[in-house]
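Trainee: Attaching a single structure in structure tokens format; questions to follow.
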Amino acid sequence: MAVEHDLTRLRTNQRSQNLPKPKSLFFLGPIVTYRDKTGRLLKYNISSQEVVVLLRGLVFANGVALSKDHSFVLVAETTNCRILRHWLYCPNAGDTDIFTKLPGFPDNIRRNSKGEFWLALHAKKGLFAKWLVSNTWAGKSLIKLPLGFKRLHSLLVGGKAYATAIKLSEKGDVLQVLEDCEGKSMRFISEVEGKDGKLWMGSVLMPFLGIYNL
């Protein structure tokens, strides 16, 4: 969740004091079900060791990617199923807008050599998840039930193992979609990076690496 540029490092973090204590991946469930809004985009100057908060109030701040010309940075808001664009330089410096809306939960973002962006969609947003994140009281009640991470995760993703990689232009247009709707080859991907004519895909849940020839 960090990207470097010269002597500056950009990263996101989540720091709510109201969520249950982290228990490995189980901590991801409360962040989504509580609609936690403590996510931030931070800029750290390695030389001066100064930290500047660029954005606050992000709902599950996740992947970060810097544009090729360094004019803006993209930030994934996982719970809100969208990518935000924060402008770093003129004429829009300091402004933030919606880069693209998505049909599921985005994870990491990577820029390729052409300035396009590959995005990993962890899972589609099912009907139950849509209802849950729209009703905070329901999310807080659900997390108190004796459910393990696998069960809670299954409820959020509708019990289906998807794998979706999306390539976006510098303007946010969808250029390509690769999808395994049944999860036979890949599922629950969290990382996508294109290099040397291949697309490398990793998962925070699955113990393997996927390679797709572009």
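Following this note's numbering, the numbering of the sequence shown begins with 8 at its first residue and continues without gaps.
Glycine residues also receive a C-beta, built at the ideal position from the N, C-alpha and C atoms.
The model shown is predicted, which means the values in this text are computed figures rather than measured ones.
Does any heavy atom of the ligand HEM sit closer than 8 Å to the C-beta of tyrosine 169?
Mentor: The model on display carries no ligand, and the ligand HEM is accordingly not part of it.
Trainee: So, are the CB atoms of glutamate 84 and asparagine 69 less than 9 Å apart?
Mentor: Locating residue 84 in the sequence shown gives position 77, where the first residue counts as 1. Locating residue 69 in the sequence shown gives position 62, where the first residue counts as 1. In this structure, asparagine 69 lies closer than 9 Å to glutamate 84 by Cβ.
Trainee: By the DSSP assignment, the beta strand (DSSP E) with arginine 92 in it spans what residues?
Mentor: Translated into the one-based positions of the sequence shown, residue 92 becomes position 85. From DSSP, the beta strand (DSSP E) with arginine 92 extends over 89 to 94.
Trainee: Per the contact definition of three or more C-beta pairs closer than 8 Å, is the stretch 71 to 88 in contact with the stretch 53 to 60?
Mentor: They do not touch, by the three-pair rule.
Trainee: Considering only the beta carbon of each residue, do glycine 101 and glutamate 177 sit closer than 9 Å?
Mentor: Your numbering for residue 101 matches position 94 in the sequence shown. Your numbering for residue 177 matches position 170 in the sequence shown. Not closer than 9 Å, so no.
Trainee: Taking all protein chains shown into account, decide if arginine 92 is buried (16 or more other Cβ within 10 angstroms of its Cβ) or exposed.
Mentor: Locating residue 92 in the sequence shown gives position 85, where the first residue counts as 1. With 16 or more other Cβ atoms within 10 Å, it is buried.
Trainee: Is DSSP giving serine 54 helix, strand or coil here?
Mentor: Within the sequence shown, the letter at position 47 stands for residue 54. Reduced to three states, the DSSP call for serine 54 is coil.
Trainee: For tyrosine 219, I'd like the list of residues in its chain whose CB is within less than 6 Å of its CB, leaving aside the five on either flank, ordered along the chain.
Mentor: The sequence position of residue 219 within the sequence shown is 212, counting from 1. Cβ within range, chain order: Leu206.
Trainee: So the beta strand (DSSP E) arginine 118 belongs to, where does it begin and stop?
Mentor: By 1-based counting over the sequence shown, the position of residue 118 is 111. Where arginine 118 is concerned, the enclosing beta strand (DSSP E) stretches over 111 to 118.
Trainee: Under a three-way DSSP split, which group does arginine 107 fall into?
Mentor: Taking the first residue of the sequence shown as 1, we reach residue 107 at position 100. Before going further, note that residue 107 is threonine rather than arginine in the sequence given. Note: threonine 107 maps to strand in three-state DSSP.
Trainee: How many angstroms separate the CA atom of methionine 213 from the CA atom of alanine 127?
Mentor: To locate residue 213, count along the sequence shown from 1; it is residue 206. To locate residue 127, count along the sequence shown from 1; it is residue 120. Their backbone Cα atoms lie some 14 Å apart in a straight line.
Trainee: So, are the CB atoms of arginine 47 and leucine 73 less than 9 Å apart?
Mentor: Translated into the one-based positions of the sequence shown, residue 47 becomes position 40. Translated into the one-based positions of the sequence shown, residue 73 becomes position 66. No.
Trainee: Counting only the same chain and skipping the five closest in sequence on each side, list residues whose C-beta sits under 6 Å from that of alanine 168.
Mentor: The count along the sequence shown starts at 1 and reaches residue 168 at position 161. Contacts found: Gly190, Arg194.
Trainee: Please state if the CB of tryptophan 125 and the CB of valine 199 are separated by a distance shorter than 9 Å.
Mentor: Position 192 of the sequence shown, counted from the first residue, corresponds to residue 199. Position 118 of the sequence shown, counted from the first residue, corresponds to residue 125. For valine 199 and tryptophan 125, yes; Cβs fall inside 9 Å.
Trainee: What do you reckon, are the CB atoms on glycine 201 and leucine 221 nearer than 9 Å?
Mentor: Stepping through the sequence shown from its first residue, residue 201 is reached at position 194. Stepping through the sequence shown from its first residue, residue 221 is reached at position 214. The answer is yes: Cβ separation under 9 Å.
Trainee: Can the beta-carbon of valine 181 be found less than 9 Å from the beta-carbon of alanine 172?
Mentor: Residue mapping note: residue 181 aligns to position 174 of the sequence shown, counting from 1. Residue mapping note: residue 172 aligns to position 165 of the sequence shown, counting from 1. Contact: no.
Trainee: Are the CB atoms of arginine 63 and threonine 143 nearer to each other than 9 Å?
Mentor: Locating residue 63 in the sequence shown gives position 56, counting from the first residue. Locating residue 143 in the sequence shown gives position 136, counting from the first residue. No; because the gap between Cβ atoms is not below 9 Å, this pair is not in contact.
Trainee: With a cut-off of 8 Å on the beta carbons, I'd call asparagine 119 and serine 197 a contact; round off their distance for me.
Mentor: For this step, residue 119 is matched to residue 112 along the sequence shown. For this step, residue 197 is matched to residue 190 along the sequence shown. In fact, because the Cβ distance is near 18 Å, the residues do not count as touching under 8 Å.
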